[in-house]
Structures are given as structure tokens and as C-alpha cells.
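Worksheet: the structure to be examined is printed underneath.
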DNA sequence: GCAGTAACAAAAGTCAATATCTGTTACTTG
DNA sequence: CAAGTAACAGATATTGACTTTTGTTACTGC
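Residue numbers (the numbering used here), protein chains in the order written: chain A, 35 to 228; chain B, 35 to 228.
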């Protein structure tokens, strides 16, 4: 079966965002692109921001997919998995900003407004790091007092390489070797802690 | 001797920025506050952005002063000094954003434009961290392959707590205990590295 | 030569009339 | 009842005439 009407509206919205940017994309434009009245779009999305939130949600789901694959790959040792997971996150953001700077700005602007969508995304990332950390503790890779606070620490320490605001300011200028060195230091620290 | 004319113009500019924000502060307003023609301001600053750059430079010098005191306090052990230095930086930013949110936005907007002023400031911070790292290496606190790349790593890892863009997004919401935990992990890592 | 000014063109900003967009309601069609 | 529409009020954007601001030049007083 083909796309649901909801999906078709979302596709059209992304297309409009791509063509005209978030400031000049309106519900009327999206409706016009689909040859329907804007009232009908409101049948499927409560408001313009709900529509944009749904776009952000889809984007973030795409970001998460390869991360989840890494997080659940139990046969790889936790330290290697942790590094691979955060590296994948940093690479995704870096690639997005290098390949399509304008679209990254759109993504960034839309997610900046989508407060609870982003909160759920962060919670999701947090949970996957916790899982890797706990696996590492079980395997004796490192001691672990609190997976929660340690996961937060990992995300904080690496945000320079994956937080949209930072990635956008950096414009992919910084080397991922800097990321690798930092990640190695963090893992050394995790393993050294009493 | 009293303030130079340059300083008086800078003071008036800060006053205008405080009162009306960066968007509504013009060279004409600054001149009017000093009872002079705007042409005369141009005698002392090449352009409006040069004037704002000078304001940013003064602010950043104020940020640096207490940091330099810590960096050059050779009698305190390097690990403690490193933590105190970065903590002081994070605290300064945090306090600025909590005490006077509007003024932090002004500072942030002005420094966002002042590209080479900020580059010099980052270089200055980088140098002070290098100094602490080298002192630690001499005292046997940690091994040190490259002070430069390690200093960069420390600034990267802690940027969540001191980079204007991050501090502004966070609005002082995050606990400095999170910072302390991260800094302890980083120092543990530094000490553990082969 | 340092501190200052008046007069000016070009760029940027203001403001109010006008047009467009958002979100709702009541209604239609398969 | 899922998908769709027309008509509407209020909020938001756009436009174009009209300031204001930026930055320069040529000049004054000490």
C-alpha cells in the first residue's frame, strides 16, 4: 500500500522546507503543493508547529536508526561500542552540515522549536548509552556507580561534536581525530575510576 | 589622569548596549550620549563593528583576569589548578547568564560578530591550559605527548559548560556538579594514559 | 597633529496600508 | 466516517514611501 495521507503531507512539507526554508514554508504552501485546501492539512495536524514537530521527529528517527544498531550489537565489546556509537552520532551531524548546509540549518531551526520531540530524542540517546555502559560494567570493562549520570557526562563531554548548535558553528571544520582523541581519554577515565 | 576619549566612548557604548540592546545601539546614539557628533566617534573607531569588537575585547579581558591568576599560581598542584581554572570559566559564564540574561545575550551577540577578537581569546585560553598541563607533566602528575592537542581536548570536552552558545541554551539550568564529575573523569583519564 | 564638526551619498531601518497566513467552524462528498 | 471544502476573524507578513544611520570627505580650532 502507498503512503498514508499523513506521510504525503510530511513529504510535501519537507520538500517545501528544502525549497524555501522554514521561515517561508506555510501550511498554505504545503496544501497548494498537494492540490488541497489548507483546512485539510489541519485535519491531520493540529497546528503548523505540530506539523513541523512531526518533520523533526522523522529526521531524528533517521539519526537514531544506525545508533540503535550499534547499541544493541552485544557481541562487540562495550568500550569499542561506546566509541562507535558516539562517533556515528558525530559523523551523522558532520556529514549533514557538510553535504547540505542549508538543510542542516532548516533541521536545526525546526528542532530548536520542537522542545518535547527533542527531549524524547535526548532521552532515547541517553538510554542507549546507559545500555552500553551497563554491558561494559557486567563484562568488567569499567566500574559503574550510576549509568544515568555517566551517560549524561558522555553526552555533555562530546556535545561539541554532535550538538546541532555546535556543529553548525563549526561547519565541519574540526577534525574527527580530535573527537577520537577525546573519546579515548573519556574511556581511559571510565576504566581508571575507583 | 582620567579615562582616554577611547575609553569614554567604550563606556558610553556599553551603557547604550545595556539600555537598548545591540540591535538598537548605533554610532549616532553613542555620540549623542557623549554630546559629540558621530563623525568624531569614527575618528577613534574605524567602524561600528570595530567599536563593538573593542567592547567584546574588554569583556573578554575581564573574563580572562581571574583565569590567569589561577593559571600562574604555581604553588597549587596542576590537577587541582586545571579543575579550578575550567570551573572558574564555567562559573563566570553561568553567573553572567543567571544574573543578567539580557546582558549575556548582548555579550553573546557582540562576540558572535567579533571573529578575530574571539579567536585571540580562545588562543589565550588555550595557552593557559597548556601551561598548566606542562606544569603537571614536569611534576609527574600525568604523561603528556602534546600539550596543544590535550588543551584543545579539555576545551572541547567542557564546552557544554562554558561556550556562550551552550550556556545560553542551557540558561544556567544544569548543575555544576555535572561539571565537577566530568572534570574528575577527564583528569582521571589524563593520569591513566600510557 | 589631535579633537572636533558639517555636509553628504548610500545603506539600513521604520511605519502604516495592504495582503497573506493561521486556525476554526459549519458544511459536502464518496 | 475519512477526506475534503468554503468562508471567516485575527495574527502575521509584505510593500513602498519615508526616516535614520553608516561611513566619507573636506574643513575648523588649538
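Here a beta-carbon is modelled for each residue, glycine too, at the ideal position from N, C-alpha and C.
Problem - Coarse secondary structure for residue 107 (chain A), derived from DSSP in three states - result: Counting from one through the first chain, the residue named residue 107 (chain A) turns up at place 73. Note: residue 107 (chain A) maps to coil in three-state DSSP.
Problem - Beta carbon proximity, residue 159 (chain B) to chain A, threshold 7 Å - result: As a working note, residue 159 (chain B) is residue 125 in the second chain. Not closer than 7 Å to any Cβ of chain A, the Cβ of residue 159 (chain B) fails to qualify, so no.
Problem - Residue interval of the alpha helix (DSSP H) (run including residue 77 (chain B)) - result: The residue you call residue 77 (chain B) lines up with position 43 of the second chain. Annotation: the continuous alpha helix (DSSP H) that includes residue 77 (chain B) extends over 72-78.
Problem - residue 120 (chain B) beta carbon less than 7 Å from that of residue 184 (chain B) - result: As a working mapping, residue 184 (chain B) is identified with position 150 in the second chain. As a working mapping, residue 120 (chain B) is identified with position 86 in the second chain. No. Outside cutoff.
Practice task
Could you tell me whether the Cβ of residue 222 (chain B) comes closer than 7 Å to any Cβ of chain A?
Solution key: For this step, residue 222 (chain B) is matched to residue 188 along the second chain. Yes, residue 222 (chain B) counts as interfacial toward chain A.
Problem - Cutoff 7 Å; reference residue 88 (chain A); Cβ partners in own chain excluding five residues on either side - result: Indexing the first chain from 1 puts residue 88 (chain A) at position 54. Within the same chain, 44, 79 come within 7 Å of residue 88 (chain A) by CB-CB distance, once the 5 residues on both sides are set aside.
Exercise for the section: Just the C-alpha distance for residue 217 (chain A) and residue 135 (chain B), rounded to the nearest angstrom, thanks. Expected result: Walking along the first chain from the start, residue 217 (chain A) turns up at place 183. Walking along the second chain from the start, residue 135 (chain B) turns up at place 101. Each residue's Cα considered, the two are about 33 Å apart.
Practice task
With 7 Å as the threshold, decide whether the Cβ of residue 168 (chain A) is near any Cβ in chain B.
Solution key: Position 134 of the first chain holds residue 168 (chain A). Taking Cβ atoms only, chain B never reaches closer than 7 Å to residue 168 (chain A), which makes this a no.
Exercise for the section: List the endpoints of the continuous alpha helix (DSSP H) containing residue 142 (chain B). Expected result: The residue you call residue 142 (chain B) lines up with position 108 of the second chain. Taken as a continuous stretch (DSSP letters only), the alpha helix (DSSP H) holding residue 142 (chain B) covers 135-147.
Handout entry: Pairwise C-alpha distance: residue 46 (chain B) and residue 36 (chain B)
Key = Translated into positions along the second chain, residue 36 (chain B) becomes position 2. Translated into positions along the second chain, residue 46 (chain B) becomes position 12. For residue 36 (chain B), the pLDDT reaches just 46, beneath the cut-off of 50, and the residue's location in the model is therefore unreliable, although a value from the coordinates is still provided. About 15 Å.
Practice task
Would you mind telling me which residues of chain B sit closer than 7 Å to residue 216 (chain A), beta carbon to beta carbon, in chain order?
Solution key: In the first chain, the residue the question calls residue 216 (chain A) occupies position 182. Residue 216 (chain A) reaches chain B at 187, 190, 191, counting residues in chain order whose Cβ is nearer than 7 Å.
Exercise for the section: Tell me, please, whether the CB atom of residue 178 (chain A) is closer than 7 Å to any CB atom in chain B? Expected result: Looking up residue 178 (chain A) in the first chain gives position 144. Residue-level contact by beta carbon fails for residue 178 (chain A) and chain B, as no gap is shorter than 7 Å.
Problem - For residue 127 (chain B), the nearest candidate out of B:224, B:205, B:221, B:212 (CA to CA) - result: By one-based count along the second chain, residue 127 (chain B) stands at place 93. Nearest C-alpha to residue 127 (chain B): B:205.
Handout entry: Cβ contact check for the segment 48-67 of chain A and the segment 156-164 of chain A: 3 or more pairs under 8 Å
Key = Using a Cβ-Cβ distance cut-off of 8 Å, the segment 48-67 of chain A and the segment 156-164 of chain A are not in contact, since fewer than three pairs of beta carbons, one from each stretch, lie closer than that value.
Exercise for the section: Specify the secondary structure class of residue 68 (chain B) as computed by DSSP and reduced to three states. Expected result: As a working mapping, residue 68 (chain B) is identified with position 34 in the second chain. Coil.
Practice task
Check whether the segment 90-103 of chain A touches the segment 135-150 of chain A, counting contact only when three or more Cβ pairs, one atom from each stretch, lie closer than 8 Å.
Solution key: These segments touch.
Practice task
With a cut-off of 8 Å on the beta carbons, I'd call residue 225 (chain A) and residue 143 (chain B) a contact; round off their distance for me.
Solution key: Numbered from its first residue, the first chain carries residue 225 (chain A) at position 191. Numbered from its first residue, the second chain carries residue 143 (chain B) at position 109. Actually they are not in contact, since the Cβ atoms of residue 225 (chain A) and residue 143 (chain B) sit about 42 Å apart, beyond 8 Å.
Problem - Cβ shell of residue 52 (chain B) (< 8 Å), same chain only, five flanking positions each side left out - result: For the purposes of this step, residue 52 (chain B) is identified with residue 18 of the second chain, where counting begins at 1. Cβ-Cβ distances below 8 Å link residue 52 (chain B) to 137, 140 in the same chain, with the five nearest sequence neighbours on each side left out; the list follows chain order.
Handout entry: Candidates A:50, A:129, A:214, of which the one nearest residue 118 (chain A) by Cα
Key = Your numbering for residue 118 (chain A) matches position 84 in the first chain. When each option's Cα is compared against that of residue 118 (chain A), the closest is A:214.
Problem - Within-7 Å CB hit, residue 226 (chain A) to chain B - result: For the purposes of this step, residue 226 (chain A) is taken as residue 192 along the first chain, with counting starting at 1. Answer yes: the Cβ-Cβ gap between residue 226 (chain A) and chain B drops below 7 Å somewhere.
Problem - Where residue 158 (chain A) sits in the DSSP three-state scheme - result: What you label residue 158 (chain A) is simply residue 124 of the first chain in a count that begins at 1. Looking at residue 158 (chain A) - three-state DSSP - the assignment turns out to be helix.
Handout entry: Interface residues of chain B facing residue 199 (chain A) [CB-CB closer than 8 Å]
Key = Residue 199 (chain A) sits at position 165 when you count from the first residue of the first chain. The contacting residues are 199, 200, 203.
Practice task
Decide if residue 110 (chain A) is buried, meaning its Cβ has at least 16 other Cβ atoms within 10 Å, or exposed.
Solution key: In the first chain, residue 110 (chain A) corresponds to position 76, counting from 1. It counts as exposed.
Problem - Buried/exposed call for residue 131 (chain B), threshold 16 Cβ in 10 Å - result: Against the second chain, residue 131 (chain B) aligns to sequence position 97. Classification of residue 131 (chain B): buried, given that the 10 Å Cβ count is 16 or more.
Handout entry: Straight-line Cα distance separating residue 77 (chain A) from residue 86 (chain A)
Key = Reading the first chain from its first residue, position 52 is the one you call residue 86 (chain A). Reading the first chain from its first residue, position 43 is the one you call residue 77 (chain A). If you take the alpha carbons of residue 86 (chain A) and residue 77 (chain A), they lie about 15 Å apart.
Practice task
Might you give, ordered along the chain, the residues of its own chain that have their beta carbon closer than 7 Å to the beta carbon of residue 152 (chain A), omitting 5 neighbours on each side?
Solution key: Locating residue 152 (chain A) in the first chain gives position 118, where the first residue counts as 1. Answer for residue 152 (chain A): 145, listed in chain order.
Practice task
Measure the alpha-carbon distance for residue 155 (chain A) versus residue 38 (chain B) and round it to whole angstroms.
Solution key: In the first chain, counting from the first residue as 1, residue 155 (chain A) sits at position 121. In the second chain, counting from the first residue as 1, residue 38 (chain B) sits at position 4. Taking the CA atoms as reference points, residue 155 (chain A) sits about 53 Å from residue 38 (chain B).
Practice task
Please say whether residue 112 (chain B) and residue 174 (chain B) have beta carbons closer to each other than 7 Å?
Solution key: Numbered from its first residue, the second chain carries residue 174 (chain B) at position 140. Numbered from its first residue, the second chain carries residue 112 (chain B) at position 78. No, Cβ-Cβ distance for residue 174 (chain B) and residue 112 (chain B) is not below 7 Å.
Exercise for the section: Starting from the Cα of residue 125 (chain B), find the closest Cα among B:220, B:195, B:199 and give me that residue. Expected result: Sequence index remark: in the second chain, residue 125 (chain B) carries index 91 (1-based). Answer by Cα proximity: B:195.
Exercise for the section: Quick one: using the 10 Å Cβ neighbour count with 16 as the cut-off for buried, is residue 186 (chain A) buried or exposed? Expected result: Translated into the one-based positions of the first chain, residue 186 (chain A) becomes position 152. Residue 186 (chain A) should be labelled buried.
Handout entry: Bounding residues of the alpha helix (DSSP H) (the contiguous stretch that carries residue 198 (chain B))
Key = To locate residue 198 (chain B), count along the second chain from 1; it is residue 164. Residues 198-204.
Problem - Simplified DSSP assignment, three categories, for residue 174 (chain B) - result: What you label residue 174 (chain B) is simply residue 140 of the second chain in a count that begins at 1. Collapsing the DSSP output to three states places residue 174 (chain B) in coil.
Handout entry: Beta-carbon proximity of residue 94 (chain B) to residue 122 (chain B), cut-off 7 Å
Key = Locating residue 94 (chain B) in the second chain gives position 60, where the first residue counts as 1. Locating residue 122 (chain B) in the second chain gives position 88, where the first residue counts as 1. If you check the CB distance, residue 94 (chain B) and residue 122 (chain B) do not come in under 7 Å.
Practice task
Count the other C-beta atoms from every protein chain shown that fall within 10 angstroms of the C-beta of residue 197 (chain B), then say buried if there are 16 or more, exposed otherwise.
Solution key: For this step, residue 197 (chain B) is matched to residue 163 along the second chain. Buried is the call here.
Problem - Minimum Cβ-Cβ distance from residue 27 (chain B) to chain A less than 7 Å - result: With chain B running from 35 to 228 in the structure shown, residue 27 (chain B) is simply not present.
Practice task
Figure out for me which residue from A:210, A:188, A:200, A:221 has the closest Cα to the Cα of residue 212 (chain B).
Solution key: Taking the first residue of the second chain as position 1, residue 212 (chain B) is located at position 178. The shortest C-alpha separation from residue 212 (chain B) is found at A:188.
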